[in-house]
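Visitor: Got a structure for you, written out below as structure tokens; questions coming shortly.
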Ligand SMILES: Nc1nc2c(c(=O)[nH]1)N[C@H]1C(S)=C(S)[C@@H](COP(=O)(O)O)O[C@H]1N2
Ligand SMILES: [Mo]
């Protein structure tokens, strides 16, 4: 395990408090947003998101990995350490699974005051057909020892975050890592991973927010203590201040999004819809749980009507929904709200947290019917 170092003095964004006082974005946030694209919401029409429309989140730089020189090292508290080439991994049992992935920071920019980081509204989402080999088989071959409590995953990207010089690293409990749906993935939508999505290999943890699915994976290590690196303790926490540790962010919260109907105004994205019957449609997901209902409001959340649901693409992927709306001339705020199989409902107002995590507030779309 590489020990994390403290970075020399670096400049701060804004007043350094970690939140923005007003609605204006700092140049640093805009620059991050240009590196990390969101999924255009009209792509909610596809079961499987085309690779070029899937959201993207890269903390540091995309590393330059030469697959022929690359190996996956499996070590730490295991009986038989392994070192595998991409070819060897591809010869192992192969599983293909459509999975909806969402960034834990999705919805951050809708919080007030706004936590300063990647300024997602609601577009940090996508569903890909991921293929790879189950992690469990590999861990069984390596023989994880009884005193191991976590599995640590290390990516090949390095940078500074929260004043800490680090490789991108996240851990899972042995129990979570052993779940059958967890993959070491080398294919996205039937093609080798693109550089930005983790080529040649990434971890894929269905049901968890995206930060868990470590890209450019190079190391897997069984460890005896909980891993306390920056991406586990300095971020990805539900806390009320940056100094407070808070609860870890893990599984994806229930959410529905709609394809914004009609046509957009270029700058404001306000929608123009023709009067008459309008079909409102979209997708809903709840991580590891099922979506049990989706409701639509055309009056900003005052009254709700049930949408009809289609079948999910897989147990870990979104399901389509639709709603027929008799649109009469006027100005409307459309909202959509999903409920999961445990009765959790999307909030109308989000509870604030310092890192801007897990915001699943109901989507609102302004519409002008003529
Ligand atoms: N090595 C590494 N893995 C990573 C990241 C990263 O910056 N480096 N970003 C994480 C985050 S925060 C998310 S949301 C997902 C995004 O995956 P995608 O870019 O393929 O959509 O990758 C995760 N895995
Ligand atoms: Mo993320």
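In the working numbering, the protein residues as written are 81 to 450. C-beta atoms are modelled at their ideal positions from N, C-alpha and C, and glycine is treated no differently. Just so we're clear, the structure is a prediction, and the values are computed from it rather than from any experiment.
Near residue 313, which residues of its chain fall below 7 Å by C-beta distance, leaving aside the five closest residues on each side in sequence?
Guide: Working through the chain shown from its first residue, we reach residue 313 at position 233. Non-local C-beta neighbours of residue 313 in its own chain, meaning closer than 7 Å and more than five positions away in sequence, comprise 325, ordered along the chain.
Visitor: Near residue 130, what residues of its chain come up, given a Cβ to Cβ distance below 8 Å and the 5 sequence neighbours on each side ignored?
Guide: Indexing the chain shown from 1 puts residue 130 at position 50. Correct list, in chain order: 123, 269.
Visitor: For residue 447 and residue 411, I'd like the C-alpha separation in whole angstroms.
Guide: Within the chain shown, residue 447 is the residue found at index 367, counting from 1. Within the chain shown, residue 411 is the residue found at index 331, counting from 1. Straight-line Cα distance between these residues: approximately 6 Å.
Visitor: Could you check what DSSP says for residue 313 in three-state terms: helix, strand or coil?
Guide: Counting from 1 along the chain shown, the entry for residue 313 is found at position 233. Helix, per DSSP.
Visitor: Count the other C-beta atoms from every protein chain shown that fall within 10 angstroms of the C-beta of residue 158, then say buried if there are 16 or more, exposed otherwise.
Guide: By one-based count along the chain shown, residue 158 stands at place 78. When all chains shown are included, residue 158 counts as buried.
Visitor: Can you name the start and end residues of the alpha helix (DSSP H) that residue 219 belongs to?
Guide: Along the chain shown, read from residue 1 onward, the residue named residue 219 stands at position 139. 215-222 is the span of the alpha helix (DSSP H), which, as asked, contains residue 219.
Visitor: I'd like to confirm the pairing. Which residues does DSSP put opposite residue 373 in its beta bridges?
Guide: Here the question's residue 373 lines up with position 293 in the chain shown. DSSP lists 419 as partners of residue 373.
Visitor: Name the two residues that bound the continuous beta strand (DSSP E) containing residue 153.
Guide: On the chain shown, residue 153 is found 73 positions in, with the first residue counted as 1. Element bounds for residue 153: 152-156.
Visitor: For residue 110, which of helix, strand or coil comes out of DSSP?
Guide: Position 30 of the chain shown, counting from 1, holds the residue named residue 110. Helix.
Visitor: Do residue 371 and residue 382 have their CB atoms nearer than 8 Å?
Guide: Numbered from its first residue, the chain shown carries residue 371 at position 291. Numbered from its first residue, the chain shown carries residue 382 at position 302. Not in contact: residue 371 and residue 382 (Cβ atoms no closer than 8 Å).
Visitor: Counting Cβ pairs closer than 8 Å, one from the region 430-437 and one from the region 394-405, do we hit at least three?
Guide: no
Visitor: Less than 7 Å separating the Cβ of residue 95 from some heavy atom of ligand 1?
Guide: Taking the first residue of the chain shown as 1, we reach residue 95 at position 15. No, the beta carbon of residue 95 sits no closer than 7 Å to any heavy atom of ligand 1.
Visitor: Assess, as a yes-or-no matter, whether the region 216-223 is touched by the region 157-172 under the definition of 3 or more beta carbon pairs within less than 8 Å.
Guide: yes
Visitor: I'd like the list of long-range same chain contacts for residue 227, defined as Cβ closer than 7 Å, with 5 residues on each side in sequence excluded.
Guide: Start at 1 with the first residue of the chain shown, and residue 227 comes out as number 147. Same-chain partners within the cutoff: 157, 304.
Visitor: Jot down the residue ranges of each uninterrupted alpha helix (DSSP H) in the region 263-305, minimum 4 residues, whole runs only, in chain order.
Guide: Runs found: none.
Visitor: Kindly indicate the opening and closing residues of the alpha helix (DSSP H) around residue 167.
Guide: Taking the chain shown and counting its residues from 1, the one referred to as residue 167 is at position 87. From DSSP, the alpha helix (DSSP H) with residue 167 extends over 166-170.
Visitor: Could you pull out every residue in the same chain whose Cβ sits closer than 8 Å to the Cβ of residue 455, ignoring the five residues on either side in sequence?
Guide: Only positions 81 to 450 of the chain appear in the structure, and residue 455 is not among them; the question remains open.
Visitor: Suppose you measure from the CA of residue 182 to the CA of residue 449; what does that come to, to the nearest Å?
Guide: Residue 182 sits at position 102 when you count from the first residue of the chain shown. Residue 449 sits at position 369 when you count from the first residue of the chain shown. Looking at the two C-alpha atoms, the distance is approximately 32 Å.
Visitor: Would you check if the region 256-271 and the region 279-292 touch, i.e. whether three or more CB-CB distances between them fall below 8 Å?
Guide: yes
Visitor: Which same chain residues end up closer than 8 Å to residue 242 when comparing Cβ atoms and leaving out the 5 residues on each side of it in sequence?
Guide: As a first step, residue 242 is located in the chain shown; it is residue number 162 there, counting from the start. 310, 314, 315.
Visitor: May I ask whether a heavy atom of ligand 2 can be found less than 7 Å away from the beta carbon of residue 312?
Guide: Mapped onto the chain shown, residue 312 falls at position 232. Answer for residue 312: no, Cβ out of range of ligand 2.
Visitor: Does residue 257 come out as helix, strand or coil in the three-state DSSP assignment?
Guide: Taking the chain shown and counting its residues from 1, one reaches residue 257 at position 177. In the structure shown, residue 257 sits in a helix (DSSP, three-state: H, G or I).
Visitor: Ignore the nearest five residues each way along the sequence and tell me which others in residue 81's own chain have a CB closer than 6 Å to its CB.
Guide: For this step, residue 81 is matched to residue 1 along the chain shown. Model confidence at residue 81 stands at a pLDDT of 47, short of 50, so the residue's coordinates are unreliable; what they give is reported in the following sentence. Counting only Cβ-Cβ distances below 6 Å, and skipping sequence neighbours, we find nothing.
Visitor: Do residue 134 and residue 211 count as a contact pair if the criterion is CB distance below 8 Å?
Guide: Position 131 of the chain shown holds residue 211. Position 54 of the chain shown holds residue 134. Result no, Cβ atoms of residue 211 and residue 134 do not sit closer than 8 Å.
Visitor: Whose CA, out of 367, 349, 366, lies closest to the CA of residue 444?
Guide: In the chain shown, residue 444 corresponds to position 364, counting from 1. Nearest C-alpha to residue 444: 349.
Visitor: Against chain D, with Cβ distances strictly below 8 Å, would residue 229 count as a contact?
Guide: The chain inventory of the structure shown lacks chain D, comprising one protein chain alone.
Visitor: When burial is assigned at 16 or more other CB atoms within 10 Å of the CB, is residue 119 buried or exposed?
Guide: For this step, residue 119 is matched to residue 39 along the chain shown. Under this definition residue 119 is a buried residue.
Visitor: Leaving aside the five residues before and after residue 99 along the sequence, list all residues of the same chain whose C-beta is less than 8 Å from its C-beta, in chain order.
Guide: Counting from one through the chain shown, the residue named residue 99 turns up at place 19. Within the same chain, residue 99 has close Cβ partners 193, 194, 195, 196, 434.
Visitor: In angstroms, rounded to a whole number, what distance separates the CA positions of residue 234 and residue 170?
Guide: Position 154 of the chain shown, counted from the start, is the residue given in the question as residue 234. Position 90 of the chain shown, counted from the start, is the residue given in the question as residue 170. Here the C-alpha atom of residue 234 lies approximately 20 Å from the C-alpha atom of residue 170.
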